[in-house]
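Q: No gaps in the numbering here: position 83 of the sequence shown is 92 in my numbering, and each next residue is one more. Cβ atoms here follow ideal geometry from the backbone N, Cα and C, with glycine treated the same way. All values reported here derive from a predicted model rather than from experimental measurement.
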Amino acid sequence: MLNLIAAHAIAIAHALFIAFVVLGGLLVLRWPRLMWIHLPAAAWGMLVEFAGWYCPLTRWENHFLRAAGRSGYDGAFLNQYLMPLIYPSGLTRGTEIVLGVFVLAINAGVYVRVFR
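#1: According to the neighbour-count rule (16 or more other Cβ atoms, all chains shown, within 10 Å of its Cβ), is F73 buried or exposed?
#2: Per DSSP, what kind of secondary structure is P97 in: helix, strand or coil?
#3: With distances taken Cα to Cα, identify the nearest neighbour of L48 among A60, P65 and F29.
#4: Evaluate contact between the region 57-72 and the region 107-122, counting only Cβ atoms and requiring at least three cross-stretch pairs below 8 Å.
#5: Output needed for A15: all residues of its chain with C-beta closer than 6 Å, excluding positions within five of it in sequence on either side, in chain order.
#6: On the three-state DSSP scale, how would you describe G103?
#7: Taking buried to mean at least 16 other C-beta atoms within 10 Å of its own C-beta, is M10 buried or exposed?
#8: So, for R102: in the same chain, excluding its five sequence neighbours on each side, which residues have a beta-carbon less than 8 Å away from its beta-carbon?
#9: Please determine, among S80, V31 and P41, the residue with the shortest C-alpha to C-alpha distance to N12.
#10: Does F124 come out as helix, strand or coil in the three-state DSSP assignment?
Okay, structure coming up:
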């Protein structure tokens, strides 16, 4: 039971981290000091997408799912939860690059405004 709770908690934290990576720059407009947390998070998120890596949170979630007697999932967190909503056919390498560019563009636009 605790393993399943841990897996779900990690999935929620993962989703919140992704939201922060994508939209956290907007929070920086209101709270500029948040930039010191957001910039490394955004850099990590873009690096994971551009390099085609799996986030460690995905591995931990799968570990706890399997420990709870559930089957884990293959691939990335985005494949499991987000991509079926946006791209039902699955995540391709090209889509990963597009997602990374999307994150970069949103945050670059925000940070240009912050540093003006």
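A: Considering the structure as presented:
#1: What you label residue 73 is simply residue 64 of the sequence shown in a count that begins at 1. Buried, by the Cβ-count rule.
#2: Residue mapping note: residue 97 aligns to position 88 of the sequence shown, counting from 1. Residue placement at P97 is flagged as unreliable, the pLDDT there being 47, under the threshold of 50; a coordinate-derived value is accordingly withheld.
#3: Your numbering for residue 48 matches position 39 in the sequence shown. Comparing Cα positions, the closest option is F29.
#4: yes
#5: Residue numbering aside, residue 15 sits at position 6 when the sequence shown is read from its first letter. Excluding positions up to five away in sequence, the list reads F73.
#6: Within the sequence shown, residue 103 is the residue found at index 94, counting from 1. Residue state, collapsed to three classes: helix.
#7: Along the sequence shown, one-based indexing puts residue 10 at 1. By the beta-carbon neighbour count (other beta carbons within 10 angstroms, threshold 16), M10 is exposed.
#8: As a first step, residue 102 is located in the sequence shown; it is residue number 93 there, counting from the start. So the list reads G61, once near-sequence residues are dropped.
#9: As a first step, residue 12 must be located in the sequence shown, where it is residue number 3. Minimum Cα distance to N12 is reached at S80.
#10: By one-based count along the sequence shown, residue 124 stands at place 115. Coil.
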